[in-house]
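S.K.: Sequential numbering from 4 applies to the sequence shown in my numbering. Ideal placement from N, C-alpha and C gives every residue a C-beta, glycine not left out. Values in this document were obtained by computation on a predicted structure and should not be read as measured data. One structure, as structure tokens, below. Some questions next.
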Amino acid sequence: MRVIGPPTRKSLISQNCAIVLSFSLSTQKQQCNRSAMLKSLCLPARLPIPFFTRPICLRKMTTAPSPICPKFISVDGGDIHSRSKPDGIRFRLVSYNILAQVYVKSSLFPHSPSPCLKWKSRSQAILTILKNLGASFLCLQQELDEYDSFYKQNIENHGYSSIYIQRSGQKRDGCGIFYKRNCAELLLEERIEYNDLVNLVQDESYLYENKQIDTQGNEDKNGEPKKGSSLKGTEDCGDPNDPRVRLRRDCVGIMAAFKLKDAFHHIVIVANTHLYWDPEWADVKLAQAKYLLSRLSQFKALVSNKFECTPPVILAGDFNSTPGDKVYQYLISSNSSSMPLAECVDELPIPLCSFYGHTRGEPPFTNCTPDFTNTLDYIFFCPDEKIKPVSFLELPEANSPDVLGGLPNYYHPSDHLPIGAEFEISKE
């Protein structure tokens, strides 16, 4: 026989909890029934947020204009895709001063929209352009910084390999050549340090034989030097009249021999450089140009002997020289009637002509800022019956909306424009 005594404190608490739980379940069931009733009546349980209360969300969805990816135009006119089957092997080369981020300051580019100067947006815009150009070779100049941390991996992810040289001294930027792995194989490479000119100075006559250089066109109407390529300061550390100081500008270049992966295994030489920027130091730029061609000629002889061939030579870069000045005239002197050949033909180690000058005329500008707009970038090649120009990369006109106000902007992530050339090498 079981005796039931008075309820304990513990049993009372359990009973109360059961009552509360039962009441809660009952309440939830009523709420569910109410919700079902509302749905059956097609009445929303929660009113939508009025349209006029959502302007912030709409602003976040807006996007900036996309960068412009230029197209290649046939030198004969018309669409390059409508041409007949090529008679030889074709490849494309693009030269682009992409503006080192270390030089991107709002004080130097006050005309540029602030978002365009930020590294995240600029880097992605540059990658978009490079990817869509579809070039076999990309010659990117110092101002190529962030090579190890960004460009090497990201560009190589699109099928390229690369070689690179960083500037002398404490500079972070440099020059690089990226080449499509399925198009070309690297055979040899050499680097050019223009500071090596200092060791070649025997006396002041080495530099000052060209010191009296006509710098007409390098000054504005107030007699002040134009700001040119990225507005960088002069690396002054000593007497600028001392050639050993004057020639130490920390500029570099790089050149390489590539075997094209075609049926005939053609070999080509590609060189990329960036000459000193200051228009008042044109003598230094001319000394660099002479050293560059001397080294390039020696490299061509080395490749010719080693591989028993006569390789075409293509030289690209930012030469910080406008069409018609002494540096430009020197580089094309063997193919120019506008300069007395006696001035430099016996010094010129390798003949060159400008790709754009040879096909359509030099563009009105490749560098565009409110303070300076002119052509500074070139692609040169050795004229030869085995190689011929096929198409060039289009450039905007001065009144094009995408360049008004100066660069960089949403359409062009650098203060320079990319230039490009397509070549055809005849079959052997």
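1) Per DSSP, what kind of secondary structure is phenylalanine 140 in: helix, strand or coil?
2) For the beta strand (DSSP E) holding arginine 194, just list the boundary residues, first then last.
3) Determine, using beta-carbon pairs with one atom in the region 153 to 169 and one in the region 411 to 429, whether at least three such pairs fall under 8 angstroms.
4) How would you write the range of the beta strand (DSSP E) that asparagine 100 sits in, first residue to last?
5) For serine 69, is the classification buried or exposed, using 16 other Cβ atoms within 10 angstroms of its Cβ as the cut-off for buried?
6) Please look up how many angstroms separate the CB atoms of alanine 266 and cysteine 142, rounded, as I've assumed it's under 8 angstroms.
7) Between Glu400, Ser152, Glu196, Arg363, which lies nearest to isoleucine 76 when the distance is taken from Cα to Cα?
8) CA-CA distance, glutamate 365 and phenylalanine 112?
9) Does aspartate 176 come out as helix, strand or coil in the three-state DSSP assignment?
10) Quick check on DSSP: helix, strand or coil for threonine 131?
11) Output yes or no for whether 8 angstroms exceeds the beta carbon distance between cysteine 186 and leucine 263.
12) How is cysteine 119 classed by DSSP in three states: helix, strand or coil?
13) Just to confirm, is the Cβ distance from glutamate 196 to methionine 258 under 8 angstroms?
14) Which residue's Cα is closest to the Cα of glutamine 104: His114, Ser139, Tyr154, Val204?
15) Using 8 angstroms as the threshold, is the C-beta distance between arginine 170 and valine 78 below it?
16) Mapping DSSP to helix, strand and coil, what is valine 271?
17) Within 10 angstroms of the Cβ of serine 139, are there 16 or more other Cβ atoms? Answer buried if so, exposed if not.
18) If you follow the alpha helix (DSSP H) that valine 201 is part of, which residue opens it and which one closes it?
19) Please state whether the Cβ-Cβ distance between lysine 288 and valine 330 is less than 8 angstroms.
20) Measure the alpha-carbon distance for aspartate 328 versus leucine 379 and round it to whole angstroms.
21) Residues bridged to histidine 419 by DSSP?
22) Within the chosen definition, does the region 240 to 249 reach the region 269 to 282 through at least 3 CB pairs nearer than 8 angstroms?
23) Using the Cα positions of histidine 277 and tyrosine 333, report the straight-line distance between them to the nearest angstrom.
24) Could you give the distance in angstroms between the alpha-carbon of asparagine 198 and the alpha-carbon of glutamine 173?
25) Is the CB-CB distance between serine 417 and leucine 410 below 8 angstroms?
26) Would isoleucine 317 and isoleucine 382 be called neighbours here (beta carbons separated by less than 8 angstroms)?
27) Do cysteine 385 and proline 315 count as a contact pair if the criterion is CB distance below 8 angstroms?
28) Which residues share a DSSP beta bridge with glycine 162?
29) Let's see if you can read the secondary structure: which residues bound the alpha helix (DSSP H) around aspartate 286?
30) So what does DSSP say about lysine 235, is it helix, strand or coil?
31) Could you name the residues of the same chain whose beta carbon sits closer than 7 angstroms to that of aspartate 253, not counting the 5 residues immediately before and after it, in chain order?
32) Determine the DSSP secondary structure at proline 352, reduced to helix, strand or coil.
33) Where does glycine 327 fall in DSSP's three states?
34) Taking C-beta to C-beta, are proline 73 and glutamate 400 nearer than 8 angstroms?
35) With a threshold of 8 angstroms on Cβ separation, who are the neighbours of leucine 136 within its own chain once the five nearest residues in sequence on each side are excluded?
36) Expressed to the nearest angstrom, what Euclidean distance is found between the alpha-carbon atoms of lysine 42 and serine 126?
M.R.: So, to answer that:
1) strand
2) 187 to 196
3) no
4) 91 to 100
5) exposed
6) About 26 angstroms; that fails the 8 angstroms criterion.
7) Arg363
8) 26 angstroms
9) coil
10) helix
11) yes
12) helix
13) no
14) Tyr154
15) no
16) strand
17) buried
18) 200 to 203
19) yes
20) 11 angstroms
21) Asn370
22) no
23) 16 angstroms
24) 13 angstroms
25) yes
26) yes
27) yes
28) Bridge partners of glycine 162: none, in fact.
29) 285 to 310
30) With a pLDDT of 46 at lysine 235, under the threshold of 50, the modelled position of this residue cannot be trusted; read the value that follows with caution. Coil.
31) Arg170, Ser171, Gly172, Lys174, Asn198, Glu238
32) coil
33) coil
34) no
35) Cys72, Pro73, Arg95, Val97, Leu396, Pro421, Gly423
36) At lysine 42 the pLDDT is 45, less than 50, meaning the model places this residue with poor confidence; the figure from the coordinates comes in the next sentence. So the alpha carbons of these two residues sit roughly 51 angstroms apart.
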